[in-house]
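Here's the structure we're looking at; comments come further down.
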Amino acid sequence: MNKAVLLPKLSINGIKQNSTVYVPYMLITSFSVFVFFIFSAICDNEILYDLPYAGYVIILMEVGRVLLGIILAPILFSTHEFLVKQRKNELGLYNVLGLDQKYISMIMCLESIFIYIATTAFGVLVATIFSKLIYLLLLNISGLPVDTEFVGSLRSYEATIIYFGVISLVNLGVSLWQIFISKPIELLKSSKKGEREVKFLGFKAIIGFLILALGYYIALITELDSMIFIHFFLAVMLVIWGTRSIFKTGTIAILRWMKSRPSIYYKKKNFVTISGMLYRMKRNAQGLANICIFSTMIIITLICTLTVLTGEDGAVRFNYPMDAEYRFSVSDFNTREKQESFKGKVEEIAKLKAVKVTDYKEFTFQKIKAYKKDNAFLNVASYEENREDVFDIRFMSLADYNRIEHEQQTLEKNEVLIFSKGKDFVHDEVILEGKSFKVKKELKVFTIEAKEERNMVDETYYIILKEQETIDALAAKFSTSSSTLSQKDELYNIHFNIEGTKENKDLLIQDINTYIDTTYGHRSSGYIEQWRQETRSMNGGFIFLGIFFGIVFSVCLVQMMYYKQITEGFEDKKSFEILQQVGMSDEEVKATIKRQILIVFFLPLIFAIIHIIFGLQVVKNLLGVLNLYNDILIYTCSGVVIIVFTMLYISSYLFTAKAYYKIVKRMN
Amino acid sequence: MMALLEVKNLNKIYTTRFGGTQVQALDNISFSVEKGEYVAIMGESGSGKTTLLNLLASLDVATKGEILLEGKSFATIKPSARCAFRRDHLGFVFQDFNLLDTFSIKDNIILPLVLQGEKYEVMQKRLEILARQLNIEEILPKFPYEVSGGQKQRAAVARALITQPKIVLADEPTGALDSKASNQLLELFNEINKEGQTIVMVTHSTRAASHASRVLFIKDGNLFNQIYRGEMNDKEMYRHIANTLTVLQAGGGDNE
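Residue numbers (our numbering), protein chains in the order written: chain A, 3 to 670; chain B, 218 to 473.
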């Protein structure tokens, strides 16, 4: 037969005959193409750039594309490695039968080209069909107008074709290199040697355990401060390292211990399992550790995604306990007349727009910055410490406080009420620039502010004093330096809630804002729905990323399980044949396989769940960055995610175990 | 006295996968093996000797006829019990040893006992005796890939013997060994046979067969001839077998 016919035929045949390994590889590659193309298409869609509130989404999508580029490459490389290993025998046979290495290389090239074209075409085709739909999904969960046009860009095709072209080239290079360095006889014969014994096992196991414990410790003590991301990554790295190390050493140590006890080892149900696991424990451990790490990643991604998705309302309310707020400089807004006229205007517009303004709260505070040391607040000018210890202090009069809270608190001249937005103040006494005050009560609830003890990003203290004169004197004391940082600022605040349809509420705020532009002394304003939209745009981007990466990680997980099962299936095939000849019944073989797979597959899941339990503290703090402080919600989401994931895990276990059975099952 | 193993009118017909043609692998074979006998079955490739061994090993089921072990017909054994039957009554030695790479030599040998659920002390005791007898005490802790072919085959023999089977079935046991290791193995077979172990060995090595007390020749699924050792020594036996094989190959069969 002509070589021009034979070689393509051999390559196609090679793919067909090894469909157990090729089909999943091609599916994963197509899937990667699909995901990559979708992200590229979204990033390259220029219309998105003109949308209001789309800034966060664009940034997150760009981040997603880069992350995908980083994550997909090693996954495709490792998947391909399995392939090469499986094919070595066949190619060795061709070589022995007299097919030159040159032609073998050509077969490999043809194969790579064929797979590349097929997977890229398929992935891009499916992605093109679904990109519009997925784009709409993104717009929808980000609260962006869904009627925005979607324009496919040639650039995304280009990027996809180039990216996967490079990956295919690298993979082809690896195959060729593997074939050229090995002799035909080596290609034919796979090594039967067991792995070498691990030295210093106990010592290494303890080190691994300590690393993991340190990772857990960091995860547990970490607080919601500016170091949170660094701590998070540190904990993640340590846990990954510790997991790898413990899987490697710990499992071997346990297996060895079991092997050393005849009463355990020489039992029908343990014998084959223990020796089989020990035989390839190192490689096995690596696979298991990876499965564990991916499972953990998936669970954490999904917990965050689900919490962000369901916790939006709480997160938005955290910044806006009341629907709308307006601030004015007291110096410009100091007459009762002006205040009344503003209130009148608000009510007038409200009537016009068919909404009801409720809980109208007006109050004044003196805002200064102070350096906090234990229970003392000091003038910032006198300290050059880092900014972390500098806090916002708002002095408020008791009269204002009692009015907005509908309370009848009383204070002596040297007494204060204190409210902290973040961590509790705790002390019984507060020293303000050298002057001591007794803390009569630390307030835990405040209508105009939400409190969250874990919040260390936005730490503001409200200090309520009896007389305005004292407040003014104190504010003056704190703002003696010339730096703008220490300038005192006296503000008149108006907070209120609105009842009505969202549309009408928006109209009310719109009109008030127009009116305010003509009013003197307006400093700032805020409206919950506007903030909600911003939050949703950002959260929507996160949710979209979470969903996609959750899927990508899951696909990787299934792929790892599948390839692990089938490589072991091929390895174990002969062993189970021998076992049956020696007198192991079909049922016993099945039971042994079941047991082996069960241990091997549920160990990572159990470890992943332990990781999650310890990691939840960090997750909670990370979500705190997005103002998600609802612990009950986070725990509920975690529970739901773990249950759903376990179900998915079990079904992928069943699916891959089936592949294993199919290979191991006797051929007669 | 009842024969240990009786084969009566054994037929095996293979049907190709898509129906169509049928291949008669065994055609009405009958013979019996007495306790303590050492029987070699010879024949060319494709003569049906592997089919016969598979039937004797209860790995396959006959189309017609029956096999009786101590008067008990294989056909009466339920498929689910076949495995346990094989484990308890038969020992196997294969051409390519079939040792498990995941087990040490020791664990490979006692594997059948573990599957039987035997006590560890019993395993240990039987292993000690066998290991001494087969001279493999040193390699017990090693793994199959760390020892020579001859040692592997002796380990495989030990594994076959450890259940104290009624019959040892050997399939080309010298096929993968060099001549020195082959001779050692054949001597070992003689030794265990002398101690009363019944052996049925399939081979196409004249040398291997010349050690047996009786040789059956199979051609095209038929029992062609058999030679009893009687008073012959190994050399005479060898010549006799070689002559018979020449006749066999020259075409003295009914099917020519």
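Idealized CB from N, CA, C, for every residue including glycine. If you're wondering where the values come from, they're calculated on a predicted model, not measured in any experiment.
Self-check item: Outcome for residue 497 of chain A when other beta-carbon atoms lying within 10 angstroms are tallied against a minimum of 16
Solution: buried
Practice problem: Quick one: list the residues of chain B neighbouring residue 265 of chain A, beta-carbon separation under 9 Å, in chain order. | Solution: 337
Quiz prompt | Residue-level contact to chain A via CB, residue 297 of chain B, 9 Å cutoff | solution = yes
Quiz item: By DSSP, does residue 526 of chain A sit in helix, in strand, or in coil?
Solution: strand
Practice problem: Tell me residue 397 of chain A's beta-bridge partners as DSSP assigns them. | Solution: Looking at the DSSP output, residue 397 of chain A bridges to A:368 and A:465.
Quiz item: In three-state DSSP terms, what is residue 381 of chain A?
Solution: DSSP places residue 381 of chain A in strand when its eight states are reduced to three.
Self-check item: residue 432 of chain A, enclosing beta strand (DSSP E) - first and last residue
Solution: Annotation for residue 432 of chain A: the continuous beta strand (DSSP E) segment containing it runs 431-434.
Practice problem: Could you pull out every residue in the same chain whose Cβ sits closer than 7 Å to the Cβ of residue 378 of chain A, ignoring the five residues on either side in sequence? | Solution: 433
Practice problem: Identify the continuous beta strand (DSSP E) that holds residue 388 of chain B and give its terminal residues. | Solution: 384-388
Quiz item: Whose Cβ in chain B lies nearer than 7 Å to the Cβ of residue 231 of chain A?
Solution: Residues of chain B passing the Cβ test: none, with the nearest at roughly 46 Å.
Quiz item: At a cut of 8 Å, does the stretch 334-347 of chain B reach the stretch 264-278 of chain A through at least three beta carbon pairs?
Solution: yes
Quiz item: chain A beta carbons: is any one of them nearer than 9 Å to that of residue 334 of chain B?
Solution: yes
Quiz prompt | Helix, strand or coil at residue 438 of chain A according to DSSP, with G and I counted as helix | solution = Residue state, collapsed to three classes: strand.
Quiz item: Are the CB atoms of residue 331 of chain B and residue 660 of chain A nearer to each other than 9 Å?
Solution: no
Self-check item: C-beta neighbour in chain A for residue 329 of chain B, strict 9 Å
Solution: Residue 329 of chain B has a beta carbon lying within less than 9 Å of a beta carbon in chain A.
Practice problem: Compare the C-beta of residue 454 of chain B with all C-beta atoms of chain C and state if any pair is closer than 9 Å. | Solution: Of the chains in the structure shown, none is chain C; the protein chains are A and B.
Practice problem: Using DSSP bridges, identify the partner residues of residue 260 of chain A. | Solution: Under the DSSP definition of a beta bridge, residue 260 of chain A lacks any partner.
Quiz item: How big is the Cα-Cα spacing for residue 460 of chain B and residue 444 of chain B?
Solution: Our two residues, residue 460 of chain B and residue 444 of chain B, have alpha carbons roughly 11 Å apart in a direct line.
Exercise. Would you please verify whether the beta carbon of residue 102 of chain A is less than 9 Å from any beta carbon of chain B?
Key: Under the Cβ distance rule, residue 102 of chain A does not count among the residues neighbouring chain B, no pair being separated by less than 9 Å.
Exercise. Look at the alpha carbon of residue 312 of chain B and the alpha carbon of residue 387 of chain B, and state the distance between them as a whole number of angstroms.
Key: Residue 312 of chain B and residue 387 of chain B have their C-alpha atoms spaced approximately 8 Å apart.
Quiz prompt | Beta-carbon neighbours of residue 543 of chain A, restricted to chain B and to distances below 7 Å | solution = Under the 7 Å cutoff, chain B gives no residues; its nearest Cβ is about 50 Å from residue 543 of chain A.
Quiz item: Do the stretch 302-322 of chain B and the stretch 384-400 of chain B make contact, defined as three or more Cβ pairs closer than 8 Å?
Solution: yes
Quiz item: What residues from chain A crowd round residue 340 of chain B, counting only those whose CB sits closer than 7 Å?
Solution: Close partners of residue 340 of chain B in chain A (Cβ separation under 7 Å): 268.
Practice problem: Would you list the one or two residues that DSSP bridges to residue 14 of chain A? | Solution: Answer by DSSP bridge pairing: none, since residue 14 of chain A is not bridged.
Exercise. Below 8 Å on the Cβ atoms is my guess for residue 546 of chain A versus residue 310 of chain A; work out the distance and round it to an integer in Å.
Key: Not confirmed; about 10 Å, so no contact.
Quiz item: Using a C-beta cutoff of 9 Å, does residue 242 of chain B count as contacting chain A?
Solution: no
Practice problem: For residue 289 of chain A, decide whether its Cβ has a neighbour in chain B, counting only Cβ atoms nearer than 9 Å. | Solution: The beta carbon of residue 289 of chain A sits no closer than 9 Å to any beta carbon of chain B.
Self-check item: At least 3 beta-carbon pairs within less than 8 Å: the stretch 35-52 of chain A vs the stretch 88-102 of chain A
Solution: no
Self-check item: Backbone secondary structure at residue 490 of chain A - three-state DSSP
Solution: coil
Quiz prompt | Terminal residues of the beta strand (DSSP E) in which residue 441 of chain B lies | solution = 439-445
Quiz item: Closer than 9 Å, Cβ to any Cβ of chain A: which residues of the stretch 271-289 of chain B, in chain order?
Solution: 274, 276 and 277
Self-check item: Candidates B:254, B:253 and B:272, of which the one nearest residue 227 of chain B by Cα
Solution: B:272
Quiz item: So, residue 112 of chain A versus residue 181 of chain A, is the Cβ gap smaller than 9 Å?
Solution: no
Quiz item: Does DSSP put residue 640 of chain A in a helix, a strand or coil?
Solution: helix
Exercise. Output the boundary residues of the alpha helix (DSSP H) element that contains residue 297 of chain B.
Key: 296-306
Quiz item: Does the distance from the C-beta atom of residue 575 of chain A to that of residue 666 of chain A stay below 9 Å?
Solution: yes
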